[in-house]
Amino acid sequence: MSYLLQKTLIYCLIFVSVSFFIWAAARLFMDGFEVYGKSYMNRASKALNEMYIFQDARKIFLFNMAITGFFFLIGLIVSQRFFAGVLFGVFGFFTPRFFISYLRNKRYQQFEAQLVDGLLVLSNALRSGMNLVQAIETLEQEMEAPISQEFGLVIRENRLGVNIEEALENLAKRVPSEDLSLLVTSINIVHGMGGNLMEIFDSMAEVIRERNKLKGKTDALTSQGKLQGIIVGLMPTVIGVIMYFMDPTAMQRMFTSAIGIVSIGVMLGLQITGFFILKKITTIRV
146 MSYLLQKTLI YCLIFVSVSF FIWAAARLFM DGFEVYGKSY MNRASKALNE MYIFQDARKI
206 FLFNMAITGF FFLIGLIVSQ RFFAGVLFGV FGFFTPRFFI SYLRNKRYQQ FEAQLVDGLL
266 VLSNALRSGM NLVQAIETLE QEMEAPISQE FGLVIRENRL GVNIEEALEN LAKRVPSEDL
326 SLLVTSINIV HGMGGNLMEI FDSMAEVIRE RNKLKGKTDA LTSQGKLQGI IVGLMPTVIG
386 VIMYFMDPTA MQRMFTSAIG IVSIGVMLGL QITGFFILKK ITTIRV
């Protein structure tokens, strides 16, 4: 066998091996990407459905990928560094999640803020001679979203054959609220034993009102500490951006040298740790 033929065979084997490796890696990546996409679409669809926002889950996933690519390109163009583009891409990747989580938490807060008025509506409806189901229907008609939507779903479940106790328990599972869980437990116990629901609603409304007042006072006392934590946490990033525009050449070493990348990682780790420690200190459960 001539030397040229041996060399050709070796190159062919290398080409086949590299091609097979690339194919296997691409196949593995695509399978993992598909699994992640389905998981992401299920979580996003569930989170949006809880807020009564009905959108195609595939469009949401594609939008998230587009946001990730957009931020990656922005970081790459601005800094001319691949690592900075990756950091921007990671930020863009998690931005929609944070936004959805913010909307969901905002909805829960609105629900809890409406709960006292909802209890008064239920109590007045019972005093006028209505039963529990009719009182909940009155709440759905007189109150605004989100409490009207959630109790409206309770009524629709009841009309489909689910008993009112189970429908209320489903409500407590959908909305993570301690006040609502206590209310549902009280309603189911008193309703099953034939007790006075009006007194339960009035007493619960008073308890929740006092808790909200106390919570407002604690939030006012801890707001200064939270603001200080936000300012201190953002200060390194703001200073870094200012220094980048003042001396781009010097700041680019932070993204190109090993010690610079390690320093950024340590800084981010300390900032995240400090954020959670401060959040733990300033969070007071009422």
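Numbering (the numbering used here), first residue to last: 146 to 431. For each residue, glycine too, the CB sits at the ideal point set by N, CA and C.
Contact check, residue i vs residue j, beta carbons under 9 Å
i      : j      : result
Leu328 : Leu260 : yes
Thr401 : Phe217 : no
Val335 : Leu316 : no
Asn357 : Ala258 : yes
Arg319 : Glu282 : no
Gly297 : Glu285 : yes
Ser322 : Phe256 : yes
Met88  : Ser408 : Residue 88 lies beyond the range of the chain shown here (146 to 431); nothing can be said about it.
Leu264 : Ala350 : yes
Phe215 : Ala189 : no
Bounding residues of the alpha helix (DSSP H) (the contiguous stretch that carries residue i)
i      : result
Gly246 : A quick correction: the sequence has Ser, not Gly, at residue 246. 227-272 is the extent of the alpha helix (DSSP H) around Ser246.
Val386 : 342-391
Glu285 : 277-287
Gly337 : 323-338
Leu313 : 309-319
Given residue i as reference, the closest of the options once Cα atoms are compared
i      : options                        : result
Thr382 : Gly361, Leu413, Gly339, Met186 : Leu413
Glu311 : Pro291, Lys204, Ile332, Ser322 : Ile332
Gln416 : Met388, Met396, Phe390, Val377 : Val377
Leu247 : Met288, Ala192, Leu232, Ala280 : Note that residue 247 is Tyr in the sequence shown, not Leu. Answer by Cα proximity: Ala192.
Ile422 : Gly374, Ser408, Gln397         : Gly374
Lys204 : Met186, Tyr197, Arg398         : Met186
Glu355 : Gly340, Met380, Asp324, Gly385 : Asp324
Val278 : Val307, Met391, Gln255, Ile406 : Val307
Gly361 : Gln225, Val163, Gln254         : Gln254
Gly339 : Thr394, Met399, Asn276         : Asn276
Ile426 : Thr213, Gly385, Thr363, Leu379 : Thr363
Val352 : Ser190, Ala202, Asp262         : Asp262
Val223 : Tyr389, Lys424, Gly405, Arg398 : Tyr389
Ser184 : Phe420, Ala202, Ala211         : Ala202
Ile219 : Val231, Ile309, Met210         : Val231
Arg226 : Val411, Cys157, Leu359, Ile406 : Ile406
Arg249 : Tyr197, Met210, Thr153         : Tyr197
Met380 : Leu359, Phe420, Glu314, Thr213 : Phe420
Leu372 : Lys424, Arg301, Gly410, Met210 : Lys424
Residue i (DSSP reduced to helix, strand or coil)
i      : result
Ala395 : helix
Ser402 : coil
Gly87  : Absent from the structure is residue 87, since the part of the chain shown begins at 146 and ends at 431.
Ala290 : coil
Tyr185 : helix
Gln200 : coil
- prompt: Would you call the segment 367-381 and the segment 338-354 touching, i.e. three or more CB-CB distances under 8 Å?
  reply: A contact is defined here as three or more CB-CB pairs under 8 Å, and the segment 367-381 fails this definition with respect to the segment 338-354.
task: Report yes or no: do three or more beta-carbon pairs, one from the segment 260-274 and one from the segment 232-243, lie closer than 8 Å?
output: Counting C-beta pairs closer than 8 Å gives fewer than three between the segment 260-274 and the segment 232-243, which falls short of the contact rule.
task: May I ask you to verify whether the segment 229-236 touches the segment 286-297, counting CB pairs closer than 8 Å and requiring at least 3?
output: The segment 229-236 vs the segment 286-297: no contact.
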